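*Asks:* Numbering (my numbering), first residue to last: 7 to 456.
Don't be surprised by glycine CBs; every beta carbon is placed ideally from N, CA and C.
Just so you know, these numbers come straight off a predicted model, no measurement behind them.
Dropping the structure in here first, questions after.
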């Protein structure tokens, strides 16, 4: 049963209703079921925008001409005009400036057009990766046939694990969900579902395709955020990944300043090992990652170096080795070490340090900074720490007198290749850069960095 509808205050109508004049000029109230269902389900407004509307907007914005856009999309000019007007109403922003000489993007339209163009480009990349169509035109034809229902069915099955659970989550029948799934397979002309004893499941290729499509859809959410808040001062959401050993500390150093500028921001910070973090970044679960730049990162990532911070051998204050003027590898091998997780930069540096020599005992491998600090402060264990993070441990941990280790890692920002940050992201990155410059200056001036 549908929930009770709000009646609204005098002179207003609740969302989902609109008034239109009839043939005699009298206004009658109609129900806009699409908006009403969105409100009942509390879905983001971007989900009500069809891919067809976005494609029409992309074409007209690129060609700067309504007639040429309608011809490219094989639709009548009135149909295109109606679809674009509905899009502007849904977004609450004027996207096109219609003149006798053509249709031109407004400031808000330019922001949204960049996001829509990138979304369709990412759609085409996902189709080509699925090896459905290698040619750009063929991949574009497949993308043009994609619909919200087809994509929603795939993503929901991936998230929920089964068609039954996905149908329940979407509030539709399982038969309707399977019909949308069949339409998607027919469109892609490749198998993305397979039958098991437990029912239909998504193939690995289908899972990768769905994740890339979900990542592309983020562009619309970010576009809506930007046109509603071009200065990045209102509410917004960013998700930041903090890598252990430097990433957490670097983020913490700028949080107060960022929250002072954006007090209403929805800021989420997640921390885990490098391999898991890179997976989350690739799938769009985090927007950007702060920490040691991974030398083995794939080509689909880009990096911005902030601080070069060489590794030092760290020990507790008053450790026996701190009383020596110089320490060799043979002496270091007499002590137990806490090493980084397999595949981490820290682990690679440790292996390189003792390559060709007897390695010390390494009973503990962890990336948990608090655990490492506790282990070192209560024993004679050793570990590798960057000069930046070592400087943030106060007097509890110090460096052992040993020759400089190379190559020196760098703290920086890792993002997806081609990523377009919002103004909120830009502001956060600017604060990181500013802090990095001050830290670098302090280190060369005998300040905080060791």
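For my contact list, residue 109 and residue 71 are in at a C-beta cut-off of 8 angstroms; report their separation, rounded to the angstrom.
*Replies:* Within the chain shown, numbered from 1, the residue matching residue 109 stands at position 103. Within the chain shown, numbered from 1, the residue matching residue 71 stands at position 65. With a Cβ gap of about 6 angstroms, residue 109 and residue 71 count as contacting.
*Asks:* Could you give the DSSP three-state label for residue 249: helix, strand or coil?
*Replies:* The residue labelled residue 249 in the question sits at position 243 within the chain shown. Coil at residue 249, not helix or strand.
*Asks:* Short of 8 angstroms in beta carbon distance, which residues of its chain neighbour residue 375, apart from the five on each side in sequence? Order them along the chain.
*Replies:* Taking the first residue of the chain shown as position 1, residue 375 is located at position 369. For residue 375, where only same-chain residues beyond five positions count, the Cβ hits under 8 angstroms are 250, 251, 254, 395.
*Asks:* Quick check on the DSSP output: the alpha helix (DSSP H) that includes residue 141 runs from which residue to which?
*Replies:* The count along the chain shown starts at 1 and reaches residue 141 at position 135. That residue, residue 141, is in no alpha helix (DSSP H); it is neither H nor E in DSSP.
*Asks:* Output needed for residue 542: all residues of its chain with C-beta closer than 7 angstroms, excluding positions within five of it in sequence on either side, in chain order.
*Replies:* The requested residue 542 does not occur in the structure, where the chain is confined to residues 7 to 456.
*Asks:* Let me check understanding here. Comparing Cα to Cα, which of 170, 435, 80 lies closest to residue 312?
*Replies:* Reading the chain shown from its first residue, position 306 is the one you call residue 312. Measuring from the Cα of residue 312, the nearest candidate turns out to be 435.
*Asks:* Within the continuous beta strand (DSSP E) that includes residue 221, where are the two ends?
*Replies:* Counting from 1 along the chain shown, the entry for residue 221 is found at position 215. Element bounds for residue 221: not the beta strand (DSSP E) but the alpha helix (DSSP H), 210 to 234.
*Asks:* Could you name the residues that DSSP lists as bridge partners for residue 156?
*Replies:* Mapped onto the chain shown, residue 156 falls at position 150. Its beta-bridge partners do not exist; DSSP assigns none.
*Asks:* Within the chosen definition, does the segment 154 to 162 reach the segment 79 to 96 through at least 3 CB pairs nearer than 8 angstroms?
*Replies:* At 8 angstroms Cβ cutoff, the stretches do not touch.
*Asks:* Would residue 142 and residue 306 qualify as a contact pair, given that the criterion is a beta-carbon distance under 9 angstroms?
*Replies:* Here the question's residue 142 lines up with position 136 in the chain shown. Here the question's residue 306 lines up with position 300 in the chain shown. In this structure, residue 306 does not lie closer than 9 angstroms to residue 142 by Cβ.
*Asks:* Find the nearest neighbour of residue 414 within the set 343, 207, 355, 77, judged by alpha-carbon distance.
*Replies:* Along the chain shown, one-based indexing puts residue 414 at 408. Selected option, being the one with the closest Cα: 355.
*Asks:* Please classify residue 151 as buried or exposed, where buried requires at least 16 neighbouring CB atoms within 10 angstroms.
*Replies:* In the chain shown, counting from the first residue as 1, residue 151 sits at position 145. The residue in question, residue 151, is exposed, as its Cβ has fewer than 16 Cβ neighbours within 10 Å.
*Asks:* Output needed for residue 310: all residues of its chain with C-beta closer than 7 angstroms, excluding positions within five of it in sequence on either side, in chain order.
*Replies:* In the chain shown, counting from the first residue as 1, residue 310 sits at position 304. Closer than 7 angstroms at Cβ, skipping near neighbours: 418, 419.
*Asks:* Less than 9 angstroms between the C-beta atoms of residue 275 and residue 299, yes or no?
*Replies:* Walking along the chain shown from the start, residue 275 turns up at place 269. Walking along the chain shown from the start, residue 299 turns up at place 293. No, Cβ-Cβ distance for residue 275 and residue 299 is not below 9 angstroms.
*Asks:* Whole angstroms is fine: what's the gap from residue 297's alpha carbon to residue 262's?
*Replies:* To locate residue 297, count along the chain shown from 1; it is residue 291. To locate residue 262, count along the chain shown from 1; it is residue 256. Each residue's alpha carbon lies about 19 angstroms from the other.
*Asks:* Residues in the same chain with beta-carbon distance under 8 angstroms from residue 412, minus the five sequence neighbours each way, listed in chain order, please.
*Replies:* What you label residue 412 is simply residue 406 of the chain shown in a count that begins at 1. So the qualifying residues of the chain are 316.
*Asks:* Which of the three DSSP states is assigned to residue 67 in this structure?
*Replies:* Within the chain shown, numbered from 1, the residue matching residue 67 stands at position 61. Reduced to three states, the DSSP call for residue 67 is helix.
*Asks:* Please state whether DSSP places residue 149 in a helix, a strand or coil.
*Replies:* Counting from one through the chain shown, the residue named residue 149 turns up at place 143. Correct three-state label for residue 149: helix.
*Asks:* What span of residues does the alpha helix (DSSP H) with residue 340 cover, start to end?
*Replies:* Locating residue 340 in the chain shown gives position 334, where the first residue counts as 1. Here residue 340 belongs to no alpha helix (DSSP H), and DSSP marks it neither H nor E.
*Asks:* Measuring CA to CA, which of 358, 223, 372, 337 is closest to residue 347?
*Replies:* Taking the chain shown and counting its residues from 1, the one referred to as residue 347 is at position 341. Residue 347 has its Cα closest to that of 372, out of 358, 223, 372, 337.
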